[in-house]
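Just below is one structure, and these are the notes that go with it.
Protein chains in written order, with this note's numbering: chain X, 234 to 559; chain Y, 7 to 524.
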């Protein structure tokens, strides 16, 4: 009995100590929290400054994250959501769950950032990645005419897939259907998510795969393999900007705001390039890690306004389905 | 038989079945409760339903038709390494989808082994992508299951029958007609229905090997409704469609199973005098070799790729493996608690239609069950705390139909053959299970437990909806490695997963039939 009582007291003391430290809950996508993603390092760096307990909760991808938030509504435990992208911002705002932020920074983005609900923390260009022994086509039309084989992701189940859909729609508008019809015989297959597609490409199932211009950086830096490159298309490249936002229902509003400031600070920004393999939203004082200078940079960045995405998305999906289901 | 010869208590069986139904219906209702007015069926959904049913019908037919000669060959032959081969042939069924697909593509893909050989001998390359690719992959997954279930059927034929057939000098064809054909009539419908239902919920395999949105299945439409449109009403509607299709197939198939017994025997060791001839021997050898090549080559690809990855595999993978083992053990226990009483109830009924309830768990979309239970649990507690129990429960639900299919025929025979004797001896309740049922059912229980354990090791399922940083199972950790570009380490994790799944299967399966052959 004595031992039990002792154990109970210790547990109580531990709980009391924990209660003094505020807990900040951040919902994010699964690859962010994984041991190989930025999560663990970001958590360590922020906890050194905040006297708090930062807790990441992983959930599929950006779309799954938003779905979970909608399911939970105002009851959500989350203080912040990290990992929505520009395609999801309109739908996220429609939930009325997010609140405004005062975060601003000297963003290193190719566009002006004016949104005052979400703060960008990293970004990248979608691009087709190929082996360097291949001479890539210069645009979607040339790709359609070539006999190169590509693997893409399904826009209904994957964020890069949706990005490609918006890329073609933004570049070609009413002509998008014709572009997809041209690409139909190049598409080896469509996968559920990015991992499957990239795996298929590495297996040699396709000449090119839809990924990011920053993907070769992983091979260069982590594997010292310079055989992968991203193809530059002259239509310009569609961007993915990943954002963090705080929830109105948070019980730690000040701490949440502090975390958003932290995400655009040097400490976080220097972690992201080699863990999330994306460009930092704010250039860290040390510059980009070695290896990033070898990456190709598109001259022309494309992005559809967040509030125009939902309407265009449905139209573009119908065109995509029509052209690829022939 | 005017009345049931044996009184296996049906109460707990009905209770287990009610629990299964309740778990699924509760999830469905939870999703519906949060639905707003949505789009209803879209025209693309009808195309998805047509494609789903068509590919599932083809996959089920091909799997079963091809499994008959393979199972027959294994039933007739005894050779060194046969037991290991039978276990290895079961591996495709328990592999995580992405591992199996990459394995298949190493052999059948654009730059796969097959095309390398074709190129060397001057043949044009073949493409795996299309409806034939979907069917090929589904046969790869399900041929082993069908073979094992049929093989089990063959084992229920008493050795005395073969002895008698040999004394009567029946030709192989006459043998087939009098002994094996009635057996097939009894086993094939259930197996076909089971595989049809498995293929009904296919998503990633169908999409990837189908070559694009032509190969959209109902499960993909459900995913789209949940994730892309957040239209819960349509998600629920599509889930119900899936349940109805599966239910209809199951009732149809299970109710045409003739209720005949192969008769009892004295469990003598089996000898097959009928298959000694040279032609028979050649035929069986060819069949076994072909099946082994088809099923084992992609597995070799998985092993070869994984060897290099084992060295670079980070330590977190081992922790995840431990967690997966734990989930597998819980899943097996939950499964046995559900399956044994349910099998008792089903086997003591006249027709098999009630077994359809078991198929509900398999035909319900994991995303629907996961989301439904997330909605139910979320107001009460943090869903992440329940991640492992929920995963184990859902795994058990998914494995339930396989296990019922494994147990019910044997249990039905046992009850018919030993029922009257047991009644005479006034055996019922626990002693009946202890002395009559369990010893006769041990191989089936071992097989079912092994299958469940192996399936839950490899299943990604609902864990993705619930897991947090600390609670990642092996398949989830493998996906995370892939998501972080670490394809080589992921291949190592896949190999570990394959070894673990096969290990669990081997232990349970051997445990169940330590005294029997096959």
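Here a beta-carbon is modelled for each residue, glycine too, at the ideal position from N, C-alpha and C. All values reported here derive from a predicted model rather than from experimental measurement.
For a test of the three-state rule: what should DSSP assign to residue i, helix, strand or coil?
i	result
residue 364 of chain X	strand
residue 39 of chain Y	helix
residue 85 of chain Y	coil
residue 468 of chain X	coil
residue 18 of chain Y	helix
residue 130 of chain Y	coil
residue 419 of chain Y	helix
residue 332 of chain X	strand
residue 506 of chain Y	helix
residue 236 of chain X	Confidence at residue 236 of chain X is low in this model, with a pLDDT of 47, below 50, so the placement of that residue should be treated as unreliable; the coordinate-derived value is given next. Looking at residue 236 of chain X - three-state DSSP - the assignment turns out to be helix.
residue 441 of chain X	strand
residue 286 of chain Y	helix
residue 475 of chain X	strand
residue 118 of chain Y	coil
residue 386 of chain X	strand
residue 511 of chain Y	helix
residue 519 of chain X	coil
residue 513 of chain X	strand
residue 462 of chain X	strand
Taking C-alpha atoms, which residue in the options lies nearest to residue i?
i	options	result
residue 487 of chain X	X:315, X:336, X:520	X:336
residue 544 of chain X	X:473, X:272, X:399, X:463	X:399
residue 390 of chain X	X:453, X:448, X:296	X:296
residue 287 of chain Y	Y:504, Y:81, Y:59, Y:506	Y:81
residue 218 of chain Y	X:470, X:353, X:385, X:431	X:385
residue 142 of chain Y	Y:66, Y:492, Y:347	Y:66
residue 259 of chain Y	Y:202, Y:285, Y:314, Y:426	Y:202
residue 106 of chain Y	Y:210, Y:184, Y:22, Y:170	Y:210
residue 442 of chain X	X:427, X:454, X:356	X:427
residue 295 of chain Y	Y:92, Y:247, Y:243	Y:92
residue 370 of chain X	X:320, X:351, X:468	X:468
Is the beta carbon of residue j closer than 9 angstroms to that of residue i?
i	j	result
residue 78 of chain Y	residue 453 of chain Y	no
residue 304 of chain Y	residue 98 of chain Y	yes
residue 73 of chain Y	residue 223 of chain Y	no
residue 440 of chain X	residue 381 of chain X	yes
residue 338 of chain Y	residue 514 of chain Y	yes
residue 381 of chain Y	residue 50 of chain Y	no
residue 404 of chain Y	residue 37 of chain Y	no
residue 245 of chain Y	residue 370 of chain Y	yes
residue 252 of chain Y	residue 206 of chain Y	yes
residue 185 of chain Y	residue 167 of chain Y	yes
residue 355 of chain X	residue 505 of chain X	yes
residue 145 of chain Y	residue 212 of chain Y	no
Would you grab the beta carbon distance between residue i and residue j for me? Rounded to a whole angstrom, and I think it's under 8 angstroms.
i	j	result
residue 475 of chain X	residue 334 of chain X	About 15 angstroms separates the two Cβ atoms, so there is no contact after all.
residue 450 of chain Y	residue 418 of chain Y	In fact, because the Cβ distance is near 11 angstroms, the residues do not count as touching under 8 angstroms.
residue 123 of chain Y	residue 351 of chain Y	Not quite, the Cβ-Cβ distance comes to about 52 angstroms (not below 8 angstroms), so this is no contact.
residue 301 of chain Y	residue 150 of chain Y	6 angstroms
residue 363 of chain X	residue 300 of chain X	Not really, about 33 angstroms apart at Cβ, beyond 8 angstroms.
residue 115 of chain Y	residue 457 of chain X	Wrong, their Cβ atoms sit about 27 angstroms apart, outside the cutoff.
residue 204 of chain Y	residue 148 of chain Y	6 angstroms
residue 507 of chain X	residue 522 of chain X	5 angstroms
residue 357 of chain X	residue 473 of chain X	6 angstroms
residue 413 of chain X	residue 401 of chain X	7 angstroms
residue 262 of chain Y	residue 372 of chain Y	Between residue 372 of chain Y and residue 262 of chain Y the Cβ distance is about 29 angstroms, and since that is not below 8 angstroms, they are no contact.
Which same chain residues end up closer than 8 angstroms to residue i when comparing Cβ atoms and leaving out the 5 residues on each side of it in sequence?
i	result
residue 254 of chain X	284, 285, 286
residue 283 of chain Y	178
residue 329 of chain Y	394, 477, 478, 479, 480
residue 419 of chain X	376, 377, 379, 380, 381, 382, 383
Whose C-beta lies closer than 7 angstroms to the C-beta of residue i among residues of the same chain, with five residues either side of it excluded?
i	result
residue 307 of chain Y	109, 112, 113
residue 483 of chain Y	322, 323, 326, 499
residue 525 of chain Y	This structure does not reach residue 525 of chain Y, given that chain Y is present from 7 up to 524, and the question cannot be answered.
residue 33 of chain Y	374, 375, 378, 379
What does a CB cutoff of less than 6 angstroms around residue i pick up in its chain, not counting 5 residues either side in sequence?
i	result
residue 465 of chain Y	401
residue 517 of chain Y	452
residue 461 of chain Y	100, 405
residue 7 of chain Y	Bear in mind that a pLDDT of 39 at residue 7 of chain Y, under 50, signals an unreliable position, so the number given afterwards is only what the model happens to contain. Within the same chain, residue 7 of chain Y has no close Cβ partners at all.
residue 307 of chain X	482
residue 485 of chain X	255, 257, 312
Could you tell me whether any non-hydrogen atom of the ligand NAP is closer than 8 angstroms to the CB of residue i?
i	result
residue 472 of chain X	This structure does not include the ligand NAP; it has no bound ligands of any sort.
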